[in-house]
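Visitor: Please read through the structure below; I'll follow up with questions.
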Amino acid sequence: MVRSHTSISNVVALIFFLVLLIIPSVQSTTATTIDVWPKPRLLRWAPLHQLSLLSPSFTIASPYDHPHLSSAVSRYLTLIKTEHHLPSSVNNPLTATSSPPPPPSPPLQSLHIFIHRLHAPLHHGVNESYTLHVPNDRPTANLTAETPWGAMRGLETFSQLVWGRPSRVPVGVYVWDDPIFPHRGLLLDTSRNYYGVGDIMRTIYAMSANKMNVFHWHITDSPSFPLNLPSEPGLAAKGSYGDDMQYSPDDVKKIVEFGLDHGVRVIPEIDSPGHTGSWAEAYPEIVTCANMFWWPAESKWEDRLAAEPGTGQLNPLNPKTYQVFKNVISDVVKMFPEPFFHAGADEVTPGCWKTDPTIQSFLSNGGSLSQVLEKFVNETFPYIVSLHRTVIYWEDVLLDGVVKVDSSILDPKYTILQTWNNGPNNTKKIVDAGYRAIVSSADYYYLDCGHGGFLGNDSQYDQLVGSDTVSNGGSWCAPFKTWQTIYNYDITYGLSEEKATLVLGGEVALWSEQADPTVLDSRLWPRASAMAEALWSGNRDETGKKRYAEATDRLNEWRHRMVSRGIGAEPIQPLWCVRNPGMCNAVHASI
Amino acid sequence: MPHGSVIPAIILIFSLFILKLCIASVASAGGGGNGINVWPKPRIMSWTTQPRANLLSPSFAISSPKHFYLSSAANRYLKLIKNEHHQPLVTPSLINITTSSSSALHTLFITVESLLTPLQHGVNETYTLSIPADASIANLTAHTVWGAMRGLETFSQLVWGKPNLLVASGLYVWDSPLFAHRGLILDTSRNYYGVDDILRTIKAMSFNKMNVFHWHITDSHSFPLVLPSEPDLAAKGSYGHDMQYSPDDVKKIVEFGLTHGVRVLPEIDSPGHTGSWAEAYPEIVTCANKFWWPAESNWTNRLASEPGTGHLNPLNPKTYKILKNVINDVVNLFPEAFYHAGADEIIPGCWKADSTIQSFLSNGGTLSQLLEKFVGSTLPYIVFFNRTVVYWEDVLLDDNVNVRPSFLPKEHTILQTWNNGPNNTKRIIDAGYRAIVSSSEFYYLDCGHGDFLGNDSQYDQLQPSSSANNGGSWCGPFKTWQTIYDYDITYGLSEEEAKMVLGGEVALWSEQADPKVLDVRLWPRTSAMAETLWSGNRDEETGIKRYAQATDRLNEWRYRMVSRGVGAEPIQPLWCLRNPGMCNTVH
Chain A
1 MVRSHTSISN VVALIFFLVL LIIPSVQSTT ATTIDVWPKP RLLRWAPLHQ
51 LSLLSPSFTI ASPYDHPHLS SAVSRYLTLI KTEHHLPSSV NNPLTATSSP
101 PPPPSPPLQS LHIFIHRLHA PLHHGVNESY TLHVPNDRPT ANLTAETPWG
151 AMRGLETFSQ LVWGRPSRVP VGVYVWDDPI FPHRGLLLDT SRNYYGVGDI
201 MRTIYAMSAN KMNVFHWHIT DSPSFPLNLP SEPGLAAKGS YGDDMQYSPD
251 DVKKIVEFGL DHGVRVIPEI DSPGHTGSWA EAYPEIVTCA NMFWWPAESK
301 WEDRLAAEPG TGQLNPLNPK TYQVFKNVIS DVVKMFPEPF FHAGADEVTP
351 GCWKTDPTIQ SFLSNGGSLS QVLEKFVNET FPYIVSLHRT VIYWEDVLLD
401 GVVKVDSSIL DPKYTILQTW NNGPNNTKKI VDAGYRAIVS SADYYYLDCG
451 HGGFLGNDSQ YDQLVGSDTV SNGGSWCAPF KTWQTIYNYD ITYGLSEEKA
501 TLVLGGEVAL WSEQADPTVL DSRLWPRASA MAEALWSGNR DETGKKRYAE
551 ATDRLNEWRH RMVSRGIGAE PIQPLWCVRN PGMCNAVHAS I
Chain B
592 MPHGSVIPAI ILIFSLFILK LCIASVASAG GGGNGINVWP KPRIMSWTTQ
642 PRANLLSPSF AISSPKHFYL SSAANRYLKL IKNEHHQPLV TPSLINITTS
692 SSSALHTLFI TVESLLTPLQ HGVNETYTLS IPADASIANL TAHTVWGAMR
742 GLETFSQLVW GKPNLLVASG LYVWDSPLFA HRGLILDTSR NYYGVDDILR
792 TIKAMSFNKM NVFHWHITDS HSFPLVLPSE PDLAAKGSYG HDMQYSPDDV
842 KKIVEFGLTH GVRVLPEIDS PGHTGSWAEA YPEIVTCANK FWWPAESNWT
892 NRLASEPGTG HLNPLNPKTY KILKNVINDV VNLFPEAFYH AGADEIIPGC
942 WKADSTIQSF LSNGGTLSQL LEKFVGSTLP YIVFFNRTVV YWEDVLLDDN
992 VNVRPSFLPK EHTILQTWNN GPNNTKRIID AGYRAIVSSS EFYYLDCGHG
1042 DFLGNDSQYD QLQPSSSANN GGSWCGPFKT WQTIYDYDIT YGLSEEEAKM
1092 VLGGEVALWS EQADPKVLDV RLWPRTSAMA ETLWSGNRDE ETGIKRYAQA
1142 TDRLNEWRYR MVSRGVGAEP IQPLWCLRNP GMCNTVH
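From first to last, the protein sequence lines are chains A and B. Residue numbering for the first sequence follows the working numbering, beginning at 1 and increasing consecutively. Residue numbering for the second sequence follows the working numbering, beginning at 592 and increasing consecutively.
Here is the structure:
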């Protein structure tokens, strides 16, 4: 069943593509576009711009025995036949009046899928390329991909080509597509507030519609421990928000399988040694400074116990810490097949460890906090690696100003660092140190920012005239990241071509201090779509110019389509702007 | 029928008496200590005994005087009370629970003194609610049916529990709003909202004891209101047949408002913000469908403040023919005694685009004279229908285009402020007008989400610049619930002047909002204004702003709103609610 003539078919595709380019093009009708989000690397529509009806008996032919691909095929078949998307923009093929009308083509009967390496697992770097050809001279379209995961991307593209009632599809279309970055993720924090399994699945579903492939699940943190672990049931039993706010092993299995059906990897993060206050409900003895007020009155910021309310750090000097921790790792690795494991290690706060007498005596005997962290990493990192996992840490483990480890104990072969501070500067520091990087710069990719601080009793909001502290609204990572801010960020800025290859991709992040299921969709979408396109096919047009202006209308349209697909994405403009293209633009440098 | 001032005086004496009793007996309720809370916090809520709860009888009933709207409200609240089964996130403490079903509360008696008082500005919304300890009967007394509705809301918030319903008992509430006008603006022109979205919003307003739904119906982007005399305005100017409000829709919304004690105040913005009128009547609109800010031109030469151009032409007689038909229809559709006529953001460049206006100007006329002509031709017509006209402050305070006060009779005009915080409120009052406060620095709920323009290079920067500091939103940053809660709308005014401030309105302009984000943009931030305008933002005893203790109460209230079907956004991790005070800042 596995086809191995990979390179031959690629050559054929390339030749075909070149032929298409050579075809003498009539005046390009710029008013007529086909919108696929994220925009494919290459999409050509033969100049006549013909449309066909989609046959009522349209089918997707996929001769492969692959549970996840089969699931995707039947899902897309249903979507394609029932969506009947009605474009809201005026320059869509459906509403554009082209004269003379192109000759009708026969209804499209089927889409045939061809896959070369059926058994390629959904891992980092898996080939997601595909070619899609919808001919104008026969009723059969072809989707060719290296892997089932690439085929899923192609199915998504095909689904976006279909509109109207009755359903129509442009023919004479050729698409070649391949992501620029292999890691296109979204981080959701389910500890500060809880999200139901349905919310998580809807998010994964929306990710797949945007060709994103990594759901980074920040499962646990100081506020709650919602993950029910067979070896350590006390952690969730005592540390979750309640019986109805936990993830059972069956829930996890369901989410992981759902991810596979959608070509989305599910990477678990068990943050430690910081951000572990919730562990203290079950094991107070392994957590320092748990349940203390986070920033005592009259003390300096350096003496805080946590970066925000919710204190607690695992105690690296207590042997029991590792006993519990290894049980946790062992369970998590069993539940999540994903070869990446996120171990956290961000924001180790000196004040918290210093409250513990054993750590105090370690320090007074000449030890340092960094040594305490090194002890923790040395005890845990090899264990995770021994379970065949690549470990992702937040950049802090290496770059923190106060508490960090020596790079010699983090083998770059098994370590990836995720950056969130200082924009391109820290990305550069990470790759210069020889590590692979995942970019989640808070200046660009943090979706929670800009809604003010969440602290109670905050006098900064009691002012009649806006002061400096309030000019950004009091949110540490303000302002709000608009979709353009996200779209325009170049995650390899300032890196050599070679160093840029160490940047695996990026992740937008939704931290949940001020988010929960009621705002989930509107915080994520369509802003996550902006990153999805920038990482898939870039943020520049053929001339190398940033394409945020033309992306506006496409994103508007895509947002409307996502809404009709059940994703509560927020609007980015009045409908009037969609109906009057270009009229809502700025033509001045700044206002 | 009018009771004059006798009744309020009696109430006051009575309440002072009760207050004394309370001080003598136990600590006053509502400090957040025992978890029994009402939002907005009542003016006086005191325990006549130790805080306790009684069973609510399964056959609990509300006995209401027969009144079309109050009876409807009583039925609605009875259902809510029996079905809600609210489970507080923090279990009420220090409560003695009476479990004897023989003494369960089985009736709430409503007494209304003046059944015929209509819902209008300044209507008496005072009520007293008495739930004696271990008694089977509670009493709700109000001057008007609208006050009784406020009391019903309070009562509903005092009930919780599953499977058995409990009700706080041994409790006395006296309540009356500080400000008569507590509103919310929704812009249904830039993006459309379905009738159900509007009804849900009015319902949520009534939960928060708000009383004015200011409906910014039309603007340059779309004209969704179907008017019998001018059907083309919506037929051609709306976003589509499925994005219009029919007369029946309006009737439904107005009636729904009445059953919830919420006035529906229509705004037909003009002469600016009328681009959508040009789809039906291009001849009466200047500069319609032009690019809003031409390249290479100065900001002062823009045609509109944002994309979507068009001003009614005051020099064209047909303008008034159409506008009077519109006004006539609108006053027929909306019984509300206030009529909002807009008059904000007159942009010189737009009028200057018209040739008749050009010659008027070149003959020595001014733009302000044009506006005076417009106001002089329309305000008396609106007043003729027994309407008080609300205008945006611009009509008087705009630097370039404004009218003389003589065109705005003070007894028929109210000005709504949105610029310069307390300064413009004071200017309005100083000029002798009544004011409604919607300061964009405090009350604009759309701010802080960046700008909505396309092709905007300010977001393509590696180092955030100062212009991006507020995120590029002209009114950034985002207004947190605390920002809203802490604003004193009568700041800097004498006691006498402060009386001219009728109240406030939060505003949701819809450049970046539509039904998908409606609830999360409005709630619970609107609740913050609702409490401040109802009972204030200060601790009754110390006079200190009470935002700290309000945090836990608002958290709890947000969860309760969510369970009532209002998609309010969270303000903190659940952990904060479970660990009171631990998420505070002390710096």
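All residues carry an ideal CB built from backbone N, CA and C; glycine is no exception. The model shown is predicted, which means the values in this text are computed figures rather than measured ones.
#1: Just to confirm the assignment, what range does the beta strand (DSSP E) spanning ASP860 of chain B have?
#2: Which residues of the stretch 1098–1125 of chain B have a Cβ closer than 8 Å to any Cβ of chain A? Give them in chain order.
#3: Quick one: residues in its chain with C-beta nearer than 7 Å to the C-beta of VAL385 of chain A, no 5 flanking neighbours on either side, listed in chain order?
#4: How is the beta strand (DSSP E) around TYR718 of chain B delimited, first residue to last?
#5: Taking 6 Å as the limit between beta carbons, can you name the residues of its chain near PRO574 of chain A, skipping five residues before and five after?
#6: At least one CB of chain B closer than 8 Å to the CB of SER512 of chain A: is that the case?
#7: Just to confirm, is the Cβ distance from ALA729 of chain B to SER721 of chain B under 8 Å?
#8: Taking only the alpha-carbon atoms, compute the straight-line gap between ILE981 of chain B and ASN802 of chain B and give it to the nearest angstrom.
#9: Do the CB positions of VAL994 of chain B and ILE937 of chain B come within less than 8 Å of each other?
#10: Taking Cβ positions only, does PRO1013 of chain B come closer than 8 Å to chain A?
#11: Which of the three DSSP states is assigned to THR147 of chain A in this structure?
#12: Buried or exposed for ALA644 of chain B, going by 16 or more other Cβ atoms inside 10 Å?
#13: Determine whether the Cβ of HIS588 of chain A lies closer than 8 Å to any Cβ atom of chain B.
#14: Measuring straight from C-alpha to C-alpha, what distance separates HIS712 of chain B and SER820 of chain B?
#15: Output the boundary residues of the alpha helix (DSSP H) element that contains TYR972 of chain B.
#16: Does THR992 of chain B come out as helix, strand or coil in the three-state DSSP assignment?
#17: I'd like to know if ASN228 of chain A contacts chain B, where contact means its C-beta is closer than 8 Å to some C-beta of that chain.
#18: Just the Cα atoms here: how many angstroms apart are LEU906 of chain B and PRO656 of chain B?
#19: Mapping the DSSP letters down to three states, classify MET636 of chain B as helix, strand or coil.
#20: Taking the continuous alpha helix (DSSP H) assigned at ILE255 of chain A, which residues delimit it?
#21: Going along chain B, which residues have a C-beta under 7 Å from TYR205 of chain A?
#22: Please list, in chain order, the residues of the stretch 477–502 of chain A that have any C-beta partner in chain B closer than 7 Å.
#23: In chain order, what residues of the same chain lie with their CB nearer than 7 Å to the CB of ILE1019 of chain B, ignoring the 5 residues before and after it?
#24: Report the residue ranges of all beta strand (DSSP E) runs contained in full by the stretch 258–314 of chain A; include only those spanning at least 3 residues, in chain order.
#25: At a CB-CB cut-off below 7 Å, which residues of chain A make contact with VAL1153 of chain B?
#26: Should HIS119 of chain A go down as buried or exposed, given a rule of 16 or more other Cβ atoms within 10 Å for buried?
#27: Measure from the C-beta of SER537 of chain A to each C-beta in chain B and report whether the shortest distance is under 8 Å.
#28: Are TRP294 of chain A and GLU308 of chain A closer than 8 Å when you measure CB to CB?
#29: For THR1074 of chain B, return the contacting residues in chain A, with the cut-off set at a CB-CB distance below 7 Å.
#30: How about TRP1166 of chain B and GLY310 of chain A: do their beta carbons lie closer than 8 Å?
#31: If you check the beta carbons only, do GLY366 of chain A and ILE438 of chain A fall under 8 Å apart?
#32: State yes or no: is the beta carbon of SER224 of chain A nearer than 8 Å to at least one beta carbon in chain B?
#33: What residues in its chain sit with their C-beta under 6 Å from that of TYR550 of chain B, if we drop five residues either side in the sequence?
#34: Please report the residue range of the beta strand (DSSP E) in which TYR930 of chain B lies.
#35: Can the beta-carbon of THR190 of chain A be found less than 8 Å from the beta-carbon of VAL1111 of chain B?
#36: Quick one: which chain B residues come within Cβ less than 7 Å of PRO526 of chain A?
Guide: The answer reads as follows:
#1: 854–861
#2: SER1101, GLU1102, GLN1103, ALA1104, ASP1105, LYS1107, VAL1108, ASP1110, VAL1111
#3: VAL391, TYR414
#4: 718–722
#5: none
#6: yes
#7: yes
#8: Per the sequence shown, the amino acid found at residue 981 of chain B is Val instead of Ile. Approximately 16 Å, taken between the alpha carbons.
#9: no
#10: yes
#11: coil
#12: buried
#13: yes
#14: 28 Å
#15: 958–975
#16: It should be noted that the sequence gives Val, not Thr, for residue 992 of chain B. If DSSP states are grouped into helix, strand and coil, VAL992 of chain B belongs with coil.
#17: no
#18: 54 Å
#19: strand
#20: 249–261
#21: Under the 7 Å cutoff, chain B gives no residues; its nearest Cβ is about 17 Å from TYR205 of chain A.
#22: ALA478, PRO479, PHE480, THR482, GLN484, THR485, ASN488, TYR493
#23: GLU984, LEU1006, THR1008, ALA1026
#24: 265–272
#25: THR518
#26: exposed
#27: no
#28: yes
#29: TYR461
#30: yes
#31: no
#32: yes
#33: Given that chain B is displayed from residue 592 to residue 1178, the structure contains no residue 550 of chain B and the question cannot be resolved.
#34: 929–933
#35: no
#36: Neighbours of PRO526 of chain A on chain B: none; closest Cβ ~11 Å, over 7 Å.
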